[in-house]
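Counting along the sequence shown from 1, when you hit position 116 you're at 116 in full-length UniProt numbering, and nothing is skipped either side. C-beta atoms are modelled at their ideal positions from N, C-alpha and C, and glycine is treated no differently. Below: one structure, written as structure tokens.
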Amino acid sequence: MSEANPIKQAARKVGEALTGDGAGPPEGIPGKPGSESPSLAEPTDPREPLPPKPDQSGPDTYSPTGQPTAADQARMAQAGSYLTTAQGARLYDTDHSLKAGPRGPVLLQDHHLREKIMHFDHERIPERVVHARGAAAHGVFKAYGTASSVTRAAFLAKDVETPVFVRFSTVLGSRGSADTVRDTRGFATKFYTSEGVFDLVGNNIPVFFIQDAIKFPDIVHAAKPHPDREIPQAQSAHDTHWDFVTLHTEATHHVLWNMSDRGIPRSFRTMEGFGIHTFRLVDAEGRTTLVKWHWKPKLGVHSLVWEEAQIISGVDPDFHRRDLADAIEAGAYPEWELGIQTFPDTPEQTFEGIDLLDPTNIVPEELAPVQPIGRLILNRNPSNFFAETEQVAFHPGHLVPGIDITDDPLLSGRLFSYLDTQITRLAGPNFGQIPINRTHAPVNDMLRDGFHQTAVHRGVAPYRPNSLDGGCPFTAGADMGAYVEAPVRIPEAKKVREAPETFADHFSQPRRFWLSMSPVEREHIIGAYTFELGKCYEQAVKERGLQVLANIDPELCAEVAAGLGLPAPSATVPLADVEPSPALSQVGHTWPTDGRVIGIVAGPDGDLDGVRAVRDAVLAGGMVPLVVAPSGGKLGDGDGALTVQRTYVTARSVEFDAVLLAGVPGVGADAYGARDAKAGLATAQQATHDPRVGLLLSEAFRHGKAIGAWKGAEAALEAAGVPVDAPGVIVGDSGTSTLEQVTRLLGAHRVWERFPAEA
Ligand code: HDD
1 MSEANPIKQA ARKVGEALTG DGAGPPEGIP GKPGSESPSL AEPTDPREPL PPKPDQSGPD
61 TYSPTGQPTA ADQARMAQAG SYLTTAQGAR LYDTDHSLKA GPRGPVLLQD HHLREKIMHF
121 DHERIPERVV HARGAAAHGV FKAYGTASSV TRAAFLAKDV ETPVFVRFST VLGSRGSADT
181 VRDTRGFATK FYTSEGVFDL VGNNIPVFFI QDAIKFPDIV HAAKPHPDRE IPQAQSAHDT
241 HWDFVTLHTE ATHHVLWNMS DRGIPRSFRT MEGFGIHTFR LVDAEGRTTL VKWHWKPKLG
301 VHSLVWEEAQ IISGVDPDFH RRDLADAIEA GAYPEWELGI QTFPDTPEQT FEGIDLLDPT
361 NIVPEELAPV QPIGRLILNR NPSNFFAETE QVAFHPGHLV PGIDITDDPL LSGRLFSYLD
421 TQITRLAGPN FGQIPINRTH APVNDMLRDG FHQTAVHRGV APYRPNSLDG GCPFTAGADM
481 GAYVEAPVRI PEAKKVREAP ETFADHFSQP RRFWLSMSPV EREHIIGAYT FELGKCYEQA
541 VKERGLQVLA NIDPELCAEV AAGLGLPAPS ATVPLADVEP SPALSQVGHT WPTDGRVIGI
601 VAGPDGDLDG VRAVRDAVLA GGMVPLVVAP SGGKLGDGDG ALTVQRTYVT ARSVEFDAVL
661 LAGVPGVGAD AYGARDAKAG LATAQQATHD PRVGLLLSEA FRHGKAIGAW KGAEAALEAA
721 GVPVDAPGVI VGDSGTSTLE QVTRLLGAHR VWERFPAEA
């Protein structure tokens, strides 16, 4: 053993210290005070030869047979030109079972057949019990350093860059369900920090259904499909869901957010994210601050409209997944700013009368501004969905020094649940060794064996204290980066199954949300409740639903009651006198239009130069042009020919954030009647209006999208029932000037003026 071996040197120091040559733990290796007794002498003078304890920088650094290591093997998966068995033997045929003659029986000794079918039979793992449907991306988080005044977390220090993996999800649907259903969205971020993994496992809605984790199985059973027929899939519009949330009125706030536009996001890229619970940050001196986490999307918070969401569920159920992957592939990297609201860590754990331990509460940003602390950029798609997106395992208990928890009873239950669920889902306790879950910090644990153990641990003493492995591993103190829980005082208490009195107000926060909405957002909420309660069969459930609404706001209740054809009840609690929080509304801001999709509809005789110029300008503006024409292939000839991305058959308005209708020089809208330009079936002069273009335009109009037409395409608008003088309908002289105006409208996301009259 070389004297330069730092582990041996450290071991010797411990030996000296604990055999009486020194007092207390050796310098630089602080142990847990009082946990070791010198009389029990840990360790004794190390015996020679001791197996050197390797610095386990990860389970993949060592292979018992030399080369290759597990990391090399991971890199080698699917490498090389020849098909092999799982054991690496080359194969000459994988299409025919081994048989006794070409027409004879298959032989049991066909080990390749058995291996291939055995592996296939076990390809599926249980889907997540909630959040089964998801999509993810890699990225990087760069800290501004502004959080260093309240936390010692190393990854939040100025300019530190941390790799991340983010998984977005719906909650209710199965793995194969549609993306755009009305639901909460998960927003889970794994930070691979130098001090270990930190998981921020949040949602796009800042409050939760329940205040205590013990009710989680109940709300999930109620919201999932009915147990007899297993329908409806990925929907909250059914009796058991509404039965539960009207009997547990603490769910009111979350449900109201779900019924608002937040329940149907336009894209993962345009969602906010929230940690929901109040967390506790700890600075280098041990001072604590309570915080709430917020993710703010660079592109703003935008949603679909309900009809659009429903159409997309059929036309493109992978809409959100595709949008995320396409944006990253195109280099339009999604970005969020991470922010915190901070509150003094007082014994009451309240702020301005709001109980910070109640996860059904928000603290309005007007009362506690969100302070930006860093920026997240997603810049790489996973290369294998199963290996990464499916096997990633989040856990709110994956914390790093400087970030601690509070006694929110919902959070406490989560700390148990996430570890537990992975044991079933990922088949054993070693899921932390799966590449996507591996920490980037050195690992030196004493966890051993178990299903799917891939680490080849060395040493003989996976326990402490020990003398046989030279005392390794040692415990660190806070000054050496150990995670030390904040020594928070627990008030003297009796054991009870009770909620605090402050958890009993279930309506004032929902009322604040309702009062903060713009008229159009209120119309959408009314529409959503009317739809969802209208889908329930039980009269008692509908009536209880209306009672809950009456306790939020009489107008909301009356409108929904009218839609259901039921009398509107009166409130059973006094209506709370709360100030609106303008930050909660999505309407009234202007946002960047990066990555927005512009449909450019061109007839066969359309202004191709104009279409070309518009396409180039859309690209130059960081947006995505999709050229739509009667049939596939190219528009025009030669070098300048334009590729058609969607035909009248494959295009649907829901794919576009705005639509432009190419003009027809000197002709008029009849060009849009052509069904097959290539076959020359219709010319601009003879064709009649094409109903598919009509449907596209009328849907875009109904969904409040900006619509532009240039040079003589007006008549096609009229034919589709789109008034040329309606708000957000532009008729321009040229393609590019029309695009300019449409882009300005797109900055507000939708032409909001169109809605109130509609709803
Ligand atoms: Fe949960 C998954 C978010 C309460 C139990 N949860 C899961 C995911 C997200 C959330 C985003 C998906 C993670 C991924 O992409 O793999 N959950 C939340 C939030 C909650 C919350 C924001 C409240 C503030 N969850 C909650 C409670 C319990 C669970 C109260 C149980 C007591 N959640 C789970 C789970 C899941 C899960 C069963 C399913 C799959 C998984 O954990 O890994 O353990």
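- Counting C-beta atoms within 10 angstroms of its own C-beta, ALA147 has 16 or more neighbours from the protein chains shown and is therefore classed as buried.
- Residue pairing by DSSP places HIS294 opposite PHE274 and GLY339 in a beta bridge.
- Between the stretch 297-304 and the stretch 335-344 there are three or more inter-stretch CB-CB distances shorter than 8 Å, so the stretches are counted as touching.
- Within the chosen limit of 7 Å, the ligand HDD reaches the beta carbon of TYR418 through at least one heavy atom.
- Distance from the Cα of ALA528 is smallest, within the candidate group VAL305, GLU230 and ILE117, for VAL305.
- Collapsing the DSSP output to three states places GLN371 in a strand.
- Annotation for GLY459 indicates a beta carbon at 7 Å or more from all heavy atoms of the ligand HDD.
- In the structure shown, GLU195 adopts coil according to DSSP, grouped into three states.
- For HIS138, the uninterrupted beta strand (DSSP E) run begins and ends at 134-143, by DSSP.
- ALA709: member of the beta strand (DSSP E) spanning 706-710, first to last residue.
- Scanning ALA576, ILE552 and GLY481 for the CA closest to the CA of ILE525 turns up ILE552.
- In the structure shown, ASN361 adopts coil according to DSSP, grouped into three states.
- Contact between ARG152 and VAL291 is ruled out by a C-beta separation of about 14 Å, above the 8 Å threshold.
- Sequence-distant partners of HIS302 (beyond 5 residues in either direction) whose C-beta falls short of 6 Å from its own C-beta, in its chain, are ARG266, THR270 and HIS749.
- Of the heavy atoms belonging to the ligand HDD, none sits nearer than 7 Å to the Cβ of GLY139.
- Here ASN203 is bridged, per DSSP, to GLY186 and PHE274.
- For the pair TRP257 and ILE219, the CB atoms are not nearer than the 8 Å cut-off.
- A direct Cα-to-Cα measurement between LYS495 and ASN361 gives close to 25 Å.
- Straight across, the Cα-Cα distance linking GLN433 with ASP239 is about 42 Å.
- Here ASP121 is exposed. Its C-beta has fewer than 16 other C-beta atoms within 10 Å.
- Straight through space, the alpha carbons of PRO102 and TYR418 are spaced by roughly 52 Å.
- Apart from the 5 residues on each side of it in sequence, ALA568 sits with its Cβ closer than 6 Å to the Cβ of CYS557, ALA558 and ALA561 in its chain, given in chain order.
- Ranked by Cα distance from LEU113, the options HIS131, GLY353, ILE210 and ALA86 are led by ALA86.
- About 7 Å separates the beta carbons of LEU410 and HIS277, which is inside the 8 Å limit, making them a contact pair.
- DSSP, reduced to helix, strand and coil, places ASN437 within a helical segment of the structure shown.
- The secondary-structure analysis by DSSP pairs ARG522 with nothing; it has no beta-bridge partner.
- Taking the C-beta atoms as reference points, SER518 is found no nearer than 8 Å to GLY413.
- VAL627 is positioned such that its CB atom lies no closer than 8 Å to that of ALA658.
- Beta-bridge pairing by DSSP links ASP479 to no other residue.
- For LEU410, the CB falls within less than 7 Å of some heavy atom of the ligand HDD.
- Here DSSP, grouped into helix, strand and coil, assigns ARG90 to strand.
- Counting of Cβ neighbours within 10 angstroms places SER169 among the buried residues, the total reaching 16 or more.
- DSSP places THR249 within a helical segment (H, G or I) once states are collapsed to three.
- Closest in alpha carbon position to GLY477, among HIS96, PRO217 and ALA284, is ALA284.
- Taking a contact to require three or more Cβ pairs closer than 8 Å, the stretch 190-200 and the stretch 437-446 qualify as touching.
- A distance of 8 Å or more separates the beta carbons of ARG280 and ASP358.
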